[in-house]
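Counting in our numbering, the sequence shown runs from 1 upward without gaps.
Even for Gly, the Cβ is constructed at its ideal location relative to N, Cα and C.
Since the model is a prediction, treat every value here as computed from it, not as a measurement.
Notes follow the structure.
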Amino acid sequence: MKKFLHTTVSLFLIIPFVFISCKKKTSTEEAITREVPRPVNVILLIGDGMGLAQVSTTVYFKKDGPSNFQRFEYIGLINSSSADAKITDSAASGTAFACGELTYNGAIGVDTAKQSITNIIEYVSRSGYQTGVVATSSITHATPASFYAHAASRNMNELIATQLTESEVDVFMGGGRKFFENREDGEDMIQRLKDRNFNIYYSLEELPAMDSGKKYGILAAPDGLPPVYQGRGEFLSQATEKTLNYLSGKQQPFFLMVEGSQIDWAGHENNGEYLITEMLDFDRTIGKVMDFAEKNPGTLVIVTADHETGGLALSANSGSGMGANYDEIMPTFSTGGHTSTLLPVFASGPGAEKFAGIYQNNQIYHKIVDLLSLE
Ligand code: MG
Ligand code: ZN
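See below:
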């Protein structure tokens, strides 16, 4: 019901805005600008390596209903160039989302001078937010690490694991068990997590009903989880659902980051089957998040990507010398690395209209922080 109310309200706000937008800012307009509805909870979903062609596979290859990307109200585009390269890596782009600053490729939560910069989990935690991180890579991998760690290099997995034990994160689910135990430095970070009130499990199946008074960590693989096409099942959507139930049961606002980590790995491998199955898995997860947001007004959902991987095109199947078949799409890759194509941003919920337009990736952080306007 509230959702319809928001839609109606924003329609009335937009119509007068359109008519007066060519004039100088009027006081009415400024009043309208101030009345943008504010979100309580924020869920940021990152498809690692997910360009528009990757998103498009959910339109062409999904068999059970329309793409969940079609459920969003506002669409924008971002440039993801880092401080030192036109083509970014996941660390610099993750840091731009998590901390709002452009930095060098490989940097985790540090600026170009290698100084730590505050990330959004640290920022919102000061105001009593609960926070979570979910991924299908190691939880210490570049994208999730950017949201809680500070390291000069993304390769410092043991340092990043140590920093997770000291972070404000209340729940995490992913892989990376080997960076917490049997470490080169001999430290036992599983024990450290338990000492800090974390209940640790090694699969989603082992996880009991979650108690809102405790913290939870799942380390479901030694490093990354297996790809969907090699048996991962529905880990990502189920972990996301369980995390949302836990966070929303706390009667406190929350910030959650969910990563479809392996869209990127499929792109690096130029593997069409791997890519499509990872995209359909990410789409299913987006569906669960949108279902949650519809039942919990006040939830802002943003879906975007850190960069594109593979230079993917959805070409016609050119067959064996018979010419192109325009009725059959074949994923075609142009590189084994990342590309600099602009990336789509999908937003829904209070303040979603702020994410329309074309802008730099670090503005995602600033738009979220401005909307929350915490002390
Ligand atoms: Mg990643
Ligand atoms: Zn990559």
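Neighbourhood of residue i by C-beta, 7 Å cutoff - its chain only, sequence neighbours within 5 removed
| i | result |
| --- | --- |
| Val59 | Ser67 |
| Thr390 | No statement about residue 390 is possible, as the shown extent of the chain runs from 1 to 375 and does not include it. |
| Lys178 | Pro222, Asp223 |
| Leu374 | Val124, Ser127 |
| Asn361 | Ile78, Asn79, Ser80, Ser93, Ala96, Phe97 |
| Lys194 | Ile200 |
| Asp185 | Glu158 |
| Thr165 | Met189, Arg192, Leu193, Arg196 |
6 Å CB neighbourhood of residue i in its chain, flanking five on each side removed
| i | result |
| --- | --- |
| Met330 | Ser315, Asn317 |
| Thr332 | Ala313, Ser315 |
| Asp87 | The sequence given here has Ile at residue 87, not Asp. These residues qualify, in order along the chain: His338, Ser340. |
| Asn157 | Thr140, Phe179 |
| Leu207 | Tyr201 |
| Ala31 | The predicted position of Ala31 is uncertain, since its pLDDT is 49 and thus under 50; a value taken from the coordinates is nonetheless stated next. Once the five neighbours on either side are set aside, Ala31 has no close Cβ partner at all. |
| Leu236 | Thr136, Asp281, Thr285 |
| Pro253 | Val40, Asn41, Tyr129 |
| Leu52 | Pro344 |
| Gly272 | Pro331 |
| Met257 | Leu44, Val133, Phe147 |
| Ala305 | Gly47, Met50, Leu343 |
| Ala85 | Asn105 |
| Lys215 | Asp170, Asn197, Phe198 |
Spatially closest choice to residue i from the options, by CA coordinates
| i | options | result |
| --- | --- | --- |
| Glu205 | Leu219, Asn197, Gln54 | Leu219 |
| Thr131 | Ile121, Gly260, Phe61 | Ile121 |
| Asn197 | Lys62, Asp170, Phe61, Phe292 | Asp170 |
| Cys99 | Asn119, Ile190, Gly323 | Asn119 |
| Gly65 | Asp283, Asn296, Tyr74 | Asp283 |
| Gly47 | Gln238, His150, Trp265, Ala209 | Trp265 |
| Leu275 | Gly174, Leu256, Gly310 | Gly310 |
| Ser138 | Asp89, Arg192, Gly174, Gly186 | Gly174 |
| Glu152 | Asn41, Ala107, Ser90, Gly213 | It is Ala, not Glu, that sits at residue 152 in the sequence shown. Checking every option, the nearest Cα to that of Ala152 belongs to Ala107. |
| Ser261 | Leu45, Lys295, Asn41 | Leu45 |
| Val345 | Ala324, Tyr326, Val301 | Val301 |
| Thr162 | Glu187, Asn182, Val228, Pro37 | Glu187 |
| Ser248 | Asn270, Gly231, Asn296 | Asn296 |
| Gly231 | Tyr216, Tyr246, Glu278, Ala209 | Glu278 |
| Arg228 | Ile263, Lys215, Ala209 | In the sequence on display, residue 228 carries Val and not Arg. Out of Ile263, Lys215, Ala209, Ile263 has the C-alpha closest to the C-alpha of Val228. |
| Pro61 | Tyr365, Val303, Asp327, Ser334 | Checking the displayed sequence, the identity of residue 61 turns out to be Phe instead of Pro. Comparing Cα positions, the closest option is Asp327. |
| Gly176 | Leu225, Glu166, Thr165 | Leu225 |
Same chain only: Cβ atoms within 8 Å of residue i, ignoring 5 sequence neighbours per side
| i | result |
| --- | --- |
| Asp370 | Lys354 |
| Lys367 | Gly351, Lys354, Phe355 |
| Lys288 | Ser237, Thr240, Glu241, Leu244 |
| Lys24 | Confidence at Lys24 is low in this model, with a pLDDT of 43, below 50, so its placement is unreliable and the value that follows should be read with caution. Once the five neighbours on either side are set aside, Lys24 has no close Cβ partner at all. |
| Glu234 | Asp281, Arg284 |
Range of the contiguous beta strand (DSSP E) that encloses residue i
| i | result |
| --- | --- |
| Asp327 | 325-332 |
| Gln130 | 130-138 |
| Gly357 | 357-360 |
| Asn317 | 313-317 |
| Leu300 | 299-305 |
| Phe180 | Unbroken run through Phe180: none, as it is neither H nor E. |
| Glu259 | 254-260 |
| Ile117 | From DSSP, Ile117 is part of no beta strand (DSSP E); its letter is neither H nor E. |
Beta-ladder partner(s) of residue i, from DSSP
| i | result |
| --- | --- |
| Lys215 | Phe198 |
| Lys206 | It should be pointed out that residue 206 corresponds to Glu in this sequence rather than to Lys. None, per the DSSP bridge assignment. |
| Leu77 | Pro344, Ile358 |
| Ile43 | Leu256, Val301 |
| Gly174 | Leu219 |
| Val110 | Ser116 |
| Ala151 | Ile108 |
| Thr309 | His338 |
For residue i, the first and last residue of its enclosing alpha helix (DSSP H)
| i | result |
| --- | --- |
| Pro378 | With the chain covering only 1 through 375, there is no way to say anything about residue 378. |
| Phe292 | 272-295 |
| Phe97 | 90-99 |
| Gln54 | 52-60 |
| Glu158 | 157-166 |
| Gly267 | 263-268 |
| Ser146 | 142-146 |
| Asn245 | 235-248 |
| Ile121 | 120-125 |
| Val369 | 363-372 |
Cβ distance (whole Å) where residue i is taken to contact residue j below 8 Å
| i | j | result |
| --- | --- | --- |
| Ala293 | Thr285 | Going by Cβ atoms, the distance from Ala293 to Thr285 rounds to 13 Å, so no, they are not a contact pair. |
| Phe69 | Val55 | 6 Å |
| Arg192 | Ala91 | Contact flag wrong, Cβ pair sits at about 24 Å. |
| Ile75 | Glu101 | Going by Cβ atoms, the distance from Ile75 to Glu101 rounds to 25 Å, so no, they are not a contact pair. |
| Gly109 | His150 | 4 Å |
| Pro144 | Glu259 | 6 Å |
| Ile358 | Leu342 | 7 Å |
| Tyr246 | Met210 | 4 Å |
| Gly319 | Asn270 | Wrong, their Cβ atoms sit about 19 Å apart, outside the cutoff. |
C-beta neighbour in chain C for residue i, strict 7 Å
| i | result |
| --- | --- |
| Gly249 | The structure shown contains no chain C, having only a single protein chain. |
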